[in-house]
Amino acid sequence: MQWTSILAIYFLVWIATAFVMLPFGVRTADEAGVDKVPGQAESAPVNFRPGRLALRATVLAAVLTGIYVLNYEQGWITAADLDLMPEPPADLQR
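Just so we're on the same page, this note's numbering is the position in the sequence shown counted from 1, plus 47.
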């Protein structure tokens with residue numbers, strides 16, 4: 048696999064993991080016991096830390112991309128392993 052392909056896969060996985068990690072570790076004003084700003088949504092986080100989110104997404108994306116590349120090189124799980132449709136009956140085959 049070319050390094051540019053690995054880089055493209057890494058960035059796709061990074062974005063997906065960043066969106067998955069968004070709700071973890073977030074506290075609302077009610078949970079933190081802080082007064083809300085007028086007009087603030089009930090679900091708005093008290094202090095959003097994008098640096099921490101980026102670090103978590105970077106580590107998780109690196110691990111997942113590494114597993115993907117190893118599977119690609121070693122062939123542990125192939126497309127044939129994911130084929131969930133059974134073979135058609137013999138009388139329907141031509």
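Note that CB positions come from ideal geometry on N, CA and C, so glycine has one too.
Q. By the 10 Å Cβ neighbour count, where 16 or more other Cβ atoms means buried, how is V60 classified, buried or exposed?
A. Buried: at least 16 other Cβ atoms inside 10 Å.
Q | Alpha carbon of G122 to alpha carbon of G80, nearest angstrom | A | In this model, G122 and G80 are separated by some 51 Å (Cα to Cα).
Q: Starting from S52, trace the alpha helix (DSSP H) both ways and give me its first and last residue.
A: The continuous alpha helix (DSSP H) containing S52 extends over residues 50-68.
Q: Establish whether the CB of P136 and some CB of chain D are separated by less than 8 Å.
A: Among the chains of the structure shown, chain D does not appear; only one protein chain is present.
Q: Using beta-carbon positions only, say whether V18 and A76 come within less than 8 Å of one another.
A: Nothing can be reported for residue 18: it is not among the residues displayed for the chain, which extend from 48 to 141.
Q. How close, in whole Å, do the beta carbons of I53 and V116 come, if the pair is a contact with beta carbons under 8 Å?
A. Contact flag correct, Cβ pair sits at about 6 Å.
Q.
Below 8 Å on the Cβ atoms is my contact criterion, and I expect L69 with L102 to pass it. Report the Cβ-Cβ distance as a whole number of Å.
A. The pair is not a contact, with the Cβ atoms about 14 Å apart (cut-off 8 Å).
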